[in-house]
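Visitor:
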Amino acid sequence: MNSLSPVLRRLAARLALVGAVFALVFVVSSPVSASPQTLKRSVENLLLWPFDLVLSPVVAGKTVYTNLRDIDDSTAVKVAYPVPGFAFVTFVQAGSATIRGLTGLIEFLPGLGLLFFETDLDPLFDPPNDSEALVDFENPVLNLKFGVSYTSSGY
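Note that the working numbering numbers the sequence shown so that position 110 is 214, with each residue one more than the last.
And the structure:
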């Protein structure tokens, strides 16, 4: 037999629910310095990957030109490399831009979840942060970095 009446059980359940909501609000919102870095990186990737995709041929041309100028290769390589090299680097750039957009999508929900905590996820796709780019303007709200050279080393 139940010793509590249905009215008391409902009251106890409601009080428990209110207590849980208060505990959740005060515990979750207690960190004073939250880190929006994961969400910021996700939004940057989602907004800027189309620019990387469109600029793939430009970045590929710049990369091929720089490699021909800076690397001491034979004349045969300098004659044979530009056309297939340009095509290869263009496809690598386009594929990497697409991966940038997908990682922005993947990091969005964890970024929202980590918004109220001091922690941050490591980037799933590091080259947009580490490599050189045609446009690189950092500011506190959104880092405008696009035309990223995914085939150059940022290290």
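Cβ atoms here follow ideal geometry from the backbone N, Cα and C, with glycine treated the same way.
Below 8 Å between beta carbons: does that hold for residue 222 and residue 146?
Guide: no
Visitor: Ignoring anything shorter than 3 residues or poking outside the segment 168 to 223, list the beta strand (DSSP E) runs there in chain order.
Guide: none
Visitor: Check whether the Cβ atoms of residue 194 and residue 164 lie closer than 8 Å to each other.
Guide: yes
Visitor: State buried or exposed for residue 142, treating a residue as buried only when at least 16 other CB atoms are found within 10 Å of its CB.
Guide: buried
Visitor: Leaving out five residues on either side along the sequence, give the residues of the same chain with a beta carbon under 7 Å from the beta carbon of residue 227.
Guide: 145, 233
Visitor: Pick out whichever of 256, 243, 255, 239 has its Cα sitting closest to the Cα of residue 155.
Guide: Comparing Cα positions, the closest option is 239.
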